[in-house]
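Asks: Residue numbers (UniProt numbering): 1 to 304. Glycine residues also receive a C-beta, built at the ideal position from the N, C-alpha and C atoms. The structure under discussion is supplied below as structure tokens; questions concerning it will follow.
Structure follows, in structure tokens:
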């Protein structure tokens, strides 16, 4: 900016700076001391739980805590689900277990039900994609802004490359008709794990809770970068796009430590190490309400 630039230019730069000034870690955010613990199943006999379900519930609840700490929730309307090995869905909000139709199988520790209008989107995705075990649905300012752009998600950043192919669907806010479900399933396809709901927000899918959070984290970051870049550059025509055939993201599915000091090479699921690091961060907040409620793995990390 030239010396003595106009106040409008200064205001614009301040707006961009404020937009980009997001918290880098949940550890930097204030936490509440009046929050129900993540692992709040003590004193309740969940007789219908299948093997591994308690762990999945704790992971899903931990993700909800992370989204809230990052400021990505929308009052009480953020809906997250995970599917257990028997195809039954569990929602975090009240630990309610439902079938694919949204009918309550296990009401958990409360008498609250499920918002069927919000769940319809999840049901449509799970019905068409047996590979998907977790679904996270966000409509933050950045993701909603990108969902309203005709250009969609642009390949401007490493984060945009990391999320892979992106599908788009003209979402009208409800999915009451069967043709709406079919159209969404066609738009999503058999492999995409990011679905942009036009003028609404983003859906991130994963074969695990870890992968779904990995995807939603990078898509949120990619959207923030895109909004800021478009504001700064004055339009798409002034931006440099990445070529997916040339710029390839670093594969993170395999982690190896050379030599006997760090142990043998081993494979890990996408997002597993990042998720474990975030769980340790929650554990270090020194607030029992944020303790993950399950044993955090340390495989693939340096001892010390």
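1. Thinking just about the alpha-carbon of each residue, which of 290, 286, 150 and 140 is nearest to the one in residue 235?
2. Helix, strand or coil for residue 215, going by three-state DSSP, please let me know.
3. Can you tell me which of the three DSSP states residue 125 falls into?
4. Across the segment 178–188 and the segment 211–220, are there enough close Cβ pairs to call them in contact, namely three or more that are closer than 8 Å?
5. Measuring alpha carbon to alpha carbon, tell me which residue in 247, 245, 246 and 230 is nearest residue 239.
6. Which residues in the same chain have their Cβ closer than 7 Å to the Cβ of residue 159, if we skip the five residues on either side of it in sequence?
7. Who are the Cβ neighbours of residue 142 in its own chain at under 7 Å, not counting the five residues just before and after it?
8. When the distance is taken between beta carbons, is residue 100 closer than 7 Å to residue 117?
9. Pick out the complete beta strand (DSSP E) segments inside the segment 194–250, 3 residues or longer, and give them in chain order.
10. Using a Cβ-Cβ cut-off of 8 Å (strictly less than) and excluding sequence neighbours within five positions of residue 318, which residues of its own chain qualify?
11. My understanding is that residue 166 touches residue 152, with C-beta atoms under 8 Å, so please give their C-beta distance in whole angstroms.
12. Output needed for residue 104: all residues of its chain with C-beta closer than 8 Å, excluding positions within five of it in sequence on either side, in chain order.
13. Enumerate in chain order the residues of its own chain whose CB-to-CB distance from residue 125 is below 8 Å, with the five nearest sequence positions on each side excluded.
14. Can the beta-carbon of residue 198 be found less than 7 Å from the beta-carbon of residue 170?
15. How many Å lie between residue 79 and residue 137 at the Cα?
16. Taking residue 145 as part of the alpha helix (DSSP H), name the residues at either end of that continuous run.
17. Excluding the five sequence neighbours on either side, which residues of its own chain have a C-beta within less than 8 Å of the C-beta of residue 253, listed in chain order?
18. Please state whether the Cβ-Cβ distance between residue 71 and residue 139 is less than 7 Å.
19. According to the neighbour-count rule (16 or more other Cβ atoms, all chains shown, within 10 Å of its Cβ), is residue 241 buried or exposed?
20. Just reading off the alpha helix (DSSP H) that residue 58 is part of, what are its end residues?
Replies: Checking against the coordinates, here is how it stands:
1. Sequence index remark: in the chain shown, residue 235 carries index 235 (1-based). When only C-alpha atoms are compared, the closest one is 150.
2. To locate residue 215, count along the chain shown from 1; it is residue 215. Correct three-state label for residue 215: helix.
3. Residue mapping note: residue 125 aligns to position 125 of the chain shown, counting from 1. Three-state result, residue 125: helix.
4. Touching, no, given that fewer than three Cβ pairs across the two stretches are closer than 8 Å.
5. Locating residue 239 in the chain shown gives position 239, where the first residue counts as 1. Selected option, being the one with the closest Cα: 230.
6. Taking the chain shown and counting its residues from 1, the one referred to as residue 159 is at position 159. Apart from the 5 residues on each side of it in sequence, residue 159 sits with its Cβ closer than 7 Å to the Cβ of 218, 221, 222 and 225 in its chain, given in chain order.
7. Locating residue 142 in the chain shown gives position 142, where the first residue counts as 1. In the same chain as residue 142, and ignoring 5 residues on each side of it, the C-beta atoms closer than 7 Å to its own belong to 220, 223, 224 and 227, in chain order.
8. As a working mapping, residue 117 is identified with position 117 in the chain shown. As a working mapping, residue 100 is identified with position 100 in the chain shown. The Cβ atoms of residue 117 and residue 100 lie no closer than 7 Å to each other.
9. 194–197 and 201–206, all fully within the segment 194–250.
10. Nothing about residue 318 can be read from this structure; the chain reaches only from 1 to 304.
11. Counted from its first residue, the chain shown places residue 166 at position 166. Counted from its first residue, the chain shown places residue 152 at position 152. 7 Å between Cβ atoms; contact.
12. If you number the chain shown from 1, residue 104 lands on position 104. Counting only Cβ-Cβ distances below 8 Å, and skipping sequence neighbours, we find 96, 97, 98, 113 and 114.
13. As a working mapping, residue 125 is identified with position 125 in the chain shown. Result list for residue 125: 132, 135, 184, 185, 188, 195, 203 and 205, in chain order.
14. Here residue 198 corresponds to residue number 198 of the chain shown, with the count starting at 1. Here residue 170 corresponds to residue number 170 of the chain shown, with the count starting at 1. Taking 7 Å as the cut-off, the beta carbon of residue 198 is found closer than this to the beta carbon of residue 170.
15. Your numbering for residue 79 matches position 79 in the chain shown. Your numbering for residue 137 matches position 137 in the chain shown. Their backbone Cα atoms lie some 6 Å apart in a straight line.
16. As a first step, residue 145 must be located in the chain shown, where it is residue number 145. Annotation: the continuous alpha helix (DSSP H) that includes residue 145 extends over 141–147.
17. Locating residue 253 in the chain shown gives position 253, counting from the first residue. Residue placement at residue 253 is flagged as unreliable, the pLDDT there being 48, under the threshold of 50; the coordinate-derived value follows with that caveat. Contacts found: 267, 268, 269 and 270.
18. Translated into positions along the chain shown, residue 71 becomes position 71. Translated into positions along the chain shown, residue 139 becomes position 139. Between residue 71 and residue 139, the CB-CB gap reaches or exceeds 7 Å.
19. Walking along the chain shown from the start, residue 241 turns up at place 241. Exposed.
20. Here residue 58 refers to the residue found at position 58 of the chain shown. The continuous alpha helix (DSSP H) containing residue 58 extends over residues 53–69.
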